[in-house]
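Worksheet for the structure shown next.
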Amino acid sequence: MKRTKIAQLLAAEGPAPRVLVKGWVRTRRDSKEFSFLEINDGSCLGNIQAVVDAGIPGYDSVKEMGTGASVAVEGELVPSPGKGQAWEIKATSVALIGASDQDTFPLQKKRHSDEFLRTIAHLRPRTNKFGALFRIRSELALAVHRYFQERGFFYLHSPLITGADCEGAGEMLRVTTLTPGQMLGPEGIKADFFGKEAFLTVSGQLSAEPFALALGDVYTFGPTFRAEPSDTARHAAEFWMVEPEMAFADLTDDMDLGEDLLKYCIKAVMENRPSDLELFAKWVDTGLAERLDKLVGEPFERISYTEAIDILTKAKKSFEYPVGWGKDIQTEHERYLAEEHFGKPVIVYDYPKDIKAFYMRQNDDGKTVGAMDVLVPRIGEIIGGSAREERMDRLQARIDELGLSCESYGWYLDTRRFGTAPHAGFGLGFERLVMLVTGVTNIRDVIAFPRTYKHLEF
RNA sequence: UCCCCGGUAGCUCAAUCGGCAGAGCGGGUGACUGUUAAUCACUAGGUUGGGUGUUCGAGUCACCCCCGGGGAGCCA
């Protein structure tokens, strides 16, 4: 007999004479003549209650069906006479699949701290909160793909291993087959697998640009690696990034896409995983529901970098870091803009060229480039993007100006040499999107097995 | 890497001025009950993160180290 998922049973519209459920026991309550088993199979937040009468096949092992044990229950789906659930299973037989030693099983029926659950990352998806979180994460990933596919974007698999040490987006993790001793040997790096230095990618953008200039609209969605020694609640060494790239598009198109994508993804979770989302609105972040409503319901604020500096200068608030045209907008400034001044997402655009990357399109004022950052309350920067400099002479001049005479730019420049076109794109931190939607404040709690500075467990 | 806070039972925490190391939950045993964070009784459970020092006496004070959390920098 095929098992039925609990999500399906809880949504039942009528009784069923014979069902089979397999899952993990969340709690058991015993009477003299029968036991209640509450079972979760991960298909949804809810559990199904099974009533196990003494004497049915398998009842002998019911004492071993403690919290965490895996079991199979066969029986009749009937309306529950008790309070708290619409349906329950009147078991005709039960079977213990895998026992769970009650002395040592770390998960209890009560609430655990996030810090403790991080130390048992292999078991935390069995909790309500993390089960809900990873169902939402899956829904968000699906929403990203659906969004782009519905709009004619092609999904590009950009390489994870790169030989270019000039992607310029941060410190890179080295990929090698050499032992430390071999690396110091006579052949040096030439003896390595690729015969040259190799790294894990920090961005798929340089791959996406040539494909946008061929397929029109493309996006990458995959893991990204940064070796920054960042030790914060918002950084991981391995994270996922969504990077769309559009041909014949300018900065306004880029901002429109970013705003629309975020709204689409949030709506998808609201519509498709309402009960999982409700858990976060109730227990994790009481302001979540209101904030998400506002996020999808109102247009994002859009201001130029110059206007942002103006607002920050006039702000009746003392900042730790000085505000001034030409200086970077610090985390405290981002938070002030998104949380206090506007109280909603803000897109800041047209940044000074000196604080942004070489490939960003130079504006006519000679001072700024067509860059844009989407700043959201509580998270800060969630999207960073730009119009790309498509004019060969301007791009070459900027590369020379910054002294980036890297050989590897040759093929990149070819895209400007042959049939260049205006194009734009951005990077969306996928974990930050999960955090935004759930209200979870630590990136380690939205990644199955997080990899962070000095931490590589599981 | 810097600043701040913390580390006591399996988990969450308490312990006054430096003076006998505790509670709730969880576990085990039993009772009771269409129960549902069940309830009641009994019970087991500790190198107070590690080290050094001060002291008659250290969970408590000092120093070093380890680990966790929050914030900053960098960024997504």
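Every position in the first sequence, counted from 1, becomes a number in this note's numbering once 17 is added. Positions of the beta carbon are idealized from the N, C-alpha and C atoms, including for glycine.
Pairwise C-alpha distance: residue j and residue i
i, j, result
"Phe331", "Gly387", "The residue you asked about is not Phe; residue 331 is Lys in the sequence shown. So the alpha carbons of these two residues sit roughly 25 angstroms apart."
"Phe211", "Gly180", "9 angstroms"
"Asp367", "His440", "16 angstroms"
"Glu184", "Leu190", "Because the pLDDT at Glu184 is just 49, under 50, the model does not fix this residue reliably, and the point stays unresolved."
"Thr348", "His252", "14 angstroms"
"Arg405", "Tyr429", "12 angstroms"
"Ala285", "Asp267", "27 angstroms"
"Ile106", "Ala112", "14 angstroms"
"Trp342", "Met258", "30 angstroms"
"Lys373", "Leu54", "58 angstroms"
"Ala264", "Asp270", "10 angstroms"
"Gly402", "Gln222", "10 angstroms"
"Ala138", "Leu150", "13 angstroms"
"Glu167", "Pro98", "46 angstroms"
"Ala250", "Gly397", "12 angstroms"
"Val69", "Val79", "8 angstroms"
Identity of the residue in the options nearest residue i by Cα
i, options, result
"Glu81", "Arg45, Lys22 and Arg468", "Arg45"
"Tyr76", "His139, Thr84 and Ala89", "Ala89"
"Arg408", "Arg135, Tyr426 and Gln379", "Gln379"
"Glu188", "Asp367, Lys334 and Pro246", "Pro246"
"Trp41", "Val69, Gly85 and Gly198", "Gly85"
"Phe466", "Gly341, Gly205, Pro34 and Glu448", "Glu448"
"His129", "Ala116, Ser117 and Thr144", "Thr144"
"Lys126", "Arg43, Asp248 and Gly427", "Arg43"
"Ile399", "Gly169, Gln66, Gly444 and Thr469", "Gly444"
"Pro176", "Met452, Phe242, Phe435 and Thr458", "Phe242"
"Pro394", "Glu318, Gln199 and Ile464", "Glu318"
"Leu232", "Gly92, Arg433, Leu274 and Glu262", "Glu262"
"Asp390", "Ile416, Asp273 and Lys384", "Asp273"
Span of the beta strand (DSSP E) around residue i
i, result
"Glu307", "From DSSP, Glu307 is part of no beta strand (DSSP E) but of the alpha helix (DSSP H) over Leu305 to Gly314."
"Ser87", "Ser87 to Pro96"
"Asp358", "The amino acid at residue 358 is misidentified as Asp; the sequence shows His. Run containing His358: none; DSSP gives neither H nor E here."
"Leu54", "Phe51 to Asn57"
"Tyr236", "Asp234 to Phe242"
Residue range of the unbroken alpha helix (DSSP H) whose run includes residue i
i, result
"Ile65", "First-last for Ile65: Ile65 to Asp70, but that is the beta strand (DSSP E), not the alpha helix (DSSP H)."
"Asp293", "Pro291 to Leu296"
"Leu329", "Tyr322 to Lys331"
"Gly198", "Pro197 to Met200"
As assigned by DSSP and simplified to three states, the class of residue i
i, result
"Gly40", "strand"
"Ala465", "coil"
"Ala29", "coil"
"Ala388", "strand"
"Thr348", "helix"
"Thr455", "helix"
"Thr81", "Contrary to the premise, residue 81 reads as Glu rather than Thr in this sequence. Note: Glu81 maps to helix in three-state DSSP."
"Ala371", "As written in the sequence, residue 371 is Asp, which differs from the Ala given in the question. Asp371 falls in the helix class under three-state DSSP."
Item to check | Contiguous alpha helix (DSSP H) assignments of at least 4 residues, all confined to the region 94–174 | outcome: 131–135 and 145–167
Item to check | Unbroken stretches of the beta strand (DSSP E), 3 residues or longer, contained in the region 396–451 | outcome: 397–405 and 440–446
Next on the checklist: Going residue by residue through the region 217–285, where are the continuous beta strand (DSSP E) segments of at least 3 residues, counting only ones entirely within it?
Outcome noted: Qualifying beta strand (DSSP E) stretches, in chain order: 234–242 and 255–264.
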